[in-house]
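Take a look at the structure set out below.
2 protein chains.
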Amino acid sequence: MEHPENNPEYAGLTVNSGVAPVSNINPYLKRGRFVRKQLSASDYVEGILNGNVTILGQAVTLVESTIPAHQQVAQEVIEKCLPYSGKSIRVGISGVPRAGKSTSIDEFGIHLLREKGGKLAVLAIDPSSERTKGSILGDKTRMEKLSVHPDSFIRPSPSAGSLGGVARKTRETIILCEAAGFDKILVETVGVGQSETACHSMVDFFLLIQLAGTGDELQGIKRGIMEMADGIVINKCDGNNVDKCQLAATQFRNALHLFPMPESGWLPQVLTYSGFYGYGIREIWEMVYQYVDFVKANGYFEHRRNEQSKYWMYESIREQLQGSFFHNPTIADMLVAEERAVLAGQRTSFVAAKQLLDAYFALLR
Amino acid sequence: MEHPENNPEYAGLTVNSGVAPVSNINPYLKRGRFVRKQLSASDYVEGILNGNVTILGQAVTLVESTIPAHQQVAQEVIEKCLPYSGKSIRVGISGVPRAGKSTSIDEFGIHLLREKGGKLAVLAIDPSSERTKGSILGDKTRMEKLSVHPDSFIRPSPSAGSLGGVARKTRETIILCEAAGFDKILVETVGVGQSETACHSMVDFFLLIQLAGTGDELQGIKRGIMEMADGIVINKCDGNNVDKCQLAATQFRNALHLFPMPESGWLPQVLTYSGFYGYGIREIWEMVYQYVDFVKANGYFEHRRNEQSKYWMYESIREQLQGSFFHNPTIADMLVAEERAVLAGQRTSFVAAKQLLDAYFALLR
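Sequences listed follow chains A and C, in order. Under the working numbering, the first residue of the first sequence carries the number 1, and numbering increases by one thereafter. Under the working numbering, the first residue of the second sequence carries the number 1001, and numbering increases by one thereafter.
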């Protein structure tokens, strides 16, 4: 049976096809109930360009589908939307679990729509996510203000899979959202693993949510992430916690001075806020817009987007080359033995690699 | 004409072959001058295991040679030395140019040999290095005390090439040095590019040399390097500079607290020293040995070495898979056009990658 996730029908409301069922052999009548007309790539593109969020949702479901026929339509839709994409501000948001990411994004988004207008899409990269109907609702419920806002579009992370696959789908979804007129994109990611690098590689501004204190909270942040941040914001700066947060902000500011200046020429800023009470959120967006003006003026904005496009082309090549190698059953078997020999000190890492590569290329011939 | 770099004869003094030339057809008489006997793999291994540094030097030259016949012998030598390797402490040392790395390594090495005895090899990873006779002498001259010490072996970075190639040769040289009884290995690297990651991935302790001040010196350090360090040492802590260095040390210590605890469970230490006057060097080695005791006790020492062996196997596979793809002339031509299409917004990064991969696998068949 087809998994509901791969069926575009489940993505949203029924689209009026303009065709009524006339008989039992009507192709749109399936499993005894009325089924809407399958949309063509042009239908999707037209709907997306008209800003129809139902069709946008269905198109994203196609993008996320692993069924070849869906993928074919999806790629055609993406290609046709590509010329209409790119005209948004893309902001990545990361932070450890319990940093209050969802509440913060809800507040950030509502503030942004109120002050700047336009339309906001909230996407996610989380390769570990087991997406079910439940967690979609869960995500939307956690963003209780945005989820009912008419100008927002919330989409949880694509289903669990390789990071490359999940990242690709999110990047393609950005294209569709932009073509549908969403001029503000937030990409949420979790504070662990390689997801941050992927997220950082598709946004214009990377915001890191931290908490005050050097306790366990910080231990969940992967090494290297702090250096990716264009801005660090410390949540829960309210009540008794204000002094502690301001001290933490000073510590982060001092620490950032020890790092080399980022390529953007922008010294990352450190701010405090309260997602729960909504304090300090105006300043966060002022920082983001100040950054965007700064890097648009010095050419880095365009440069970063171009580098990202190249990055994903090369990254996709690397991932698929490696996939072809490591998923080859003969190689996978050999790999176990070679790794054991290397660890036992019977063979150098390089000789083991060479034997595996020789075998692989012989298999391809 | 054969490049001198690829000729093992140039690596050191002549080895007495025990065979005298008897006639013009004597195979050891070549180009009108006396040439020593070509050593067999067993000869090299025997010499290395006896601690003969001349033969060690020649074997390293073989390892660095790109001539297939040399590589074949080199791999046999390495394989036979492998069971005798691994019994050293390997310390990586990085820092920006002008941080005083060479003077520091000279002092570090002399101190270590005086206090702990044993034998010390100093190797390097610098893929940008254009190795010539001149710079070999240059390196040795810069380490003026170590270069004349009977228990030291100094070898500059292998010739310019891919980082993977350079790193591989350095890693193989470590094996030969250890088999020759060198129980202390220092691997120097420059403060830019990916060389630090490569160096970090072959040592037990990664030491980062910093300077006080937030001026231009620090801008040369690549982002992410500070988080690799097991210890940070601030040079030039002498004369008027002492207060500034101690302030910098405090700042680094505070900054390190903002990072997650490393997997080793060891909180990186920050010390000050003066390479020129030789102050504070005892404390640096005490830190290194304290670290080694700590990670040997908690099992991380063995774990890190195993992870490194696996890392280099996988890294070598990745590098060669990509080399096969990107060095393919048809693909290289296509790549230019695809990259242009991606940057012009005519094609997504993923579609471009797919077209290239399809072409590549068709070519291999």
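Cβ atoms here follow ideal geometry from the backbone N, Cα and C, with glycine treated the same way. Because the structure is a prediction, the values reported are computed rather than measured.
- Under the three-state reduction of DSSP, S1042/C is assigned to helix.
- Rounded to whole angstroms, the gap between the alpha carbons of D106/A and I55/A is 24 Å.
- Contact residues of the stretch 1285–1315 of chain C toward chain A are N1306, Q1308, S1309, K1310, Y1311, W1312, M1313, Y1314, E1315 (C-beta to C-beta distance below 9 Å).
- For the stretch 1339–1354 of chain C, the set of residues with a beta-carbon nearer than 9 Å to any beta-carbon of chain A comprises E1339, V1342, L1343, G1345, Q1346, R1347, T1348, S1349, F1350, V1351, A1352, A1353, K1354, in chain order.
- Cβ-Cβ separation between S195/A and I125/A: approximately 5 Å, consistent with a contact (criterion under 8 Å).
- With contacts defined as CB atoms closer than 8 Å, V63/A and T173/A qualify as a contacting pair.
- Listed in chain order, the non-local C-beta contacts of G1181/C below 7 Å within the same chain comprise G1051, K1119, local neighbours out to five positions each way being set aside.
- Of Y360/A, G165/A, I110/A, R168/A, the smallest CA-CA separation from P329/A is found for Y360/A.
- Residue pairing by DSSP puts K1184/C in a beta bridge opposite I1089/C, L1120/C.
- Per DSSP, I1067/C lies in no alpha helix (DSSP H) segment and is marked neither H nor E.
- Between P150/A and L1357/C, the alpha-carbon positions lie close to 42 Å from each other.
- Against chain A, the CB of I1105/C has no partner CB under 8 Å away; the residue lies outside that interface.
- Per DSSP, L267/A lies in no alpha helix (DSSP H) segment and is marked neither H nor E.
- Between L357/A and chain C, the shortest Cβ-Cβ separation is below 8 Å.
- Rounded to the nearest whole angstrom, the CA to CA distance from Q322/A to G1239/C is 54 Å.
- Taking all protein chains shown into account, L1267/C has fewer than 16 neighbouring C-beta atoms within 10 Å of its C-beta and is therefore exposed.
- Contact between V292/A and D204/A holds: CB atoms are separated by about 7 Å, below the 8 Å threshold.
- For M1226/C, a Cβ of chain A is located within less than 8 Å of the residue's own Cβ.
- At least 8 Å separates the CB of E1178/C from every CB of chain A.
- Cβ proximity to chain C below 7 Å picks out Q251, F252, N254, A255, H257, L258, F259, P260 from the stretch 237–260 of chain A.
- In this structure, A353/A keeps its C-beta atom at 8 Å or more from the C-beta atom of I1175/C.
- The secondary-structure analysis by DSSP pairs G231/A across a beta bridge with L207/A, Q269/A.
- Contact between R98/A and L123/A does not hold, since the beta-carbon distance rounds to 21 Å and is not under 8 Å.
- Under the three-pair Cβ rule at 8 Å, the stretch 1231–1245 of chain C does not count as touching the stretch 234–254 of chain A.
- Bridge pairing for S195/A: absent [DSSP].
- Taking H1111/C as reference, the option from K1169/C, K1184/C, V1053/C with the minimal CA-CA separation is K1184/C.
- Judged by beta-carbon spacing, E227/A lies beyond the 8 Å limit of G1095/C, meaning their Cβ atoms are not closer than that value.
- In the three-state scheme derived from DSSP, where H, G and I count as helix and E and B as strand, Y314/A is classed as helix.
- Apart from the 5 residues on each side of it in sequence, I1281/C sits with its Cβ closer than 7 Å to the Cβ of E1107, F1108, H1111, Y1273 in its chain, given in chain order.
- It is roughly 17 Å from the alpha-carbon of V1091/C to the alpha-carbon of P1262/C.
- Looking at the backbone, the Cα of E1319/C and that of A1212/C are separated by about 37 Å.
- For T1189/C, the secondary structure class from DSSP, reduced to helix, strand or coil, is strand.
- When C-alpha distances from V60/A are compared across H303/A, I78/A, D43/A, K87/A, the shortest belongs to I78/A.
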